Amino acid sequence: MQSRTKKLIPSEGTNGSEDRLSEMPDHLIVHILSFMPTLHAVKTMLLRRFGNLWTLVPTLTFDLEEYDQVIWPEEEDETIHEVFSSFARFIRKVLMLHKRHTIDSFHLSMKPFDVEFKDPKLIDDVQMWLRFAIDRQVKDLNLSFNGYDDLVLPHSIFMSQSLITLTRTKYQYFQFIACFEYHISKCE
Numbered sequence: 001m002q003s004r005t006k007k008l009i010p011s012e013g014t015n016g017s018e019d020r021l022s023e024m025p026d027h028l029i030v031h032i033l034s035f036m037p038t039l040h041a042v043k044t045m046l047l048r049r050f051g052n053l054w055t056l057v058p059t060l061t062f063d064l065e066e067y068d069q070v071i072w073p074e075e076e077d078e079t080i081h082e083v084f085s086s087f088a089r090f091i092r093k094v095l096m097l098h099k100r101h102t103i104d105s106f107h108l109s110m111k112p113f114d115v116e117f118k119d120p121k122l123i124d125d126v127q128m129w130l131r132f133a134i135d136r137q138v139k140d141l142n143l144s145f146n147g148y149d150d151l152v153l154p155h156s157i158f159m160s161q162s163l164i165t166l167t168r169t170k171y172q173y174f175q176f177i178a179c180f181e182y183h184i185s186k187c188e
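At position 131 of the sequence shown the residue is numbered 131 (UniProt numbering), and the sequence of numbers has no breaks.
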């Protein structure tokens, strides 16, 4: 009688290990992806098994410094404006494709770049990203900037029914200056 068990035939370079990731349920893969920076989670769409599961993650983390290191190799001569423009396009595309109706946390870090918040386009972009987070009933909002006092947070942040923690970290000249964390308590 022939056995019906499936034998794993190791392919070159796999060291005979079994592919258990492909057999995981989608919700577990989404949970794993939620621990990754959004830039890396989006890259998983290149793997057939992952497809567009990144669009369902409950955590969105956008880090300009990491984006610069991954997307713009050091040997290239990019300007801060070019890096930020590319970063802003990336965020806009991610938010446009994101399918989850609620998000647990939204992290935006634009340190150590000294991007001026006097540019109306930049202010509009950041305001739009924050409105997206609030519209998706974010619970944890974390903002890290490099000495920006002139960014006014939208009033909707302070009126949010879902926001539990608002953290705003300020850096200046690559040194930590201040961190303000607000735990929003609901008045009854």
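Glycine included, each C-beta is placed from N, C-alpha and C at the ideal position.
Model, not experiment: these values are computed from the prediction.
Out of the options, which has the shortest C-alpha to C-alpha gap to residue i?
i: Val152; options: Tyr67, Arg131, Met96, Thr55; result: Arg131
i: Leu163; options: Leu64, Leu97, Lys139; result: Lys139
i: Val94; options: Glu23, Leu56, Lys170; result: Leu56
i: Leu97; options: Asn52, Leu122, Ile123; result: Asn52
Tell me the rounded alpha-carbon separation between residue i and residue j.
i: Arg100; j: Leu141; result: 16 Å
i: Thr102; j: Pro58; result: 7 Å
i: Asp104; j: Arg136; result: 9 Å
i: Val70; j: Val42; result: 13 Å
i: His81; j: Ile32; result: 33 Å
i: Thr44; j: Trp54; result: 7 Å
i: Leu21; j: Pro120; result: 45 Å
i: Pro37; j: Leu60; result: 7 Å
i: Ile9; j: Phe50; result: Note that Ile9 has pLDDT 44, beneath the 50 cutoff, so the model's placement of it is unreliable and no number is given.
i: Thr169; j: Leu122; result: 18 Å
i: Asp124; j: Leu166; result: 20 Å
Thinking residue i and residue j are a contact (beta carbons under 8 Å), I'd like their distance in whole angstroms, please.
i: Met110; j: Ser144; result: 7 Å
i: Phe106; j: Ala133; result: 4 Å
Can you tell me where the beta strand (DSSP E) with residue i in it begins and where it stops?
i: His107; result: 105–109
i: Phe62; result: 59–63
i: Leu141; result: 140–145
Could you spell out the range, first to last residue, of the alpha helix (DSSP H) harbouring residue i?
i: Gln127; result: 120–135
i: Val30; result: 26–33
i: Lys43; result: 38–43
i: His155; result: 155–159
i: Leu97; result: 80–97
Looking only at its own chain, which residues have a Cβ that is under 8 Å from the Cβ of residue i, when we skip the five neighbours before and after it?
i: Tyr67; result: Leu39, Val83, Ser86, Phe87, Phe90
If I measure Cβ to Cβ from residue i and keep anything under 6 Å in the same chain, skipping five residues before and after, which residues do I get?
i: Leu108; result: Phe62, Leu143
Counting only the same chain and skipping the five closest in sequence on each side, list residues whose C-beta sits under 7 Å from that of residue i.
i: Gln127; result: Pro154
i: Phe35; result: none
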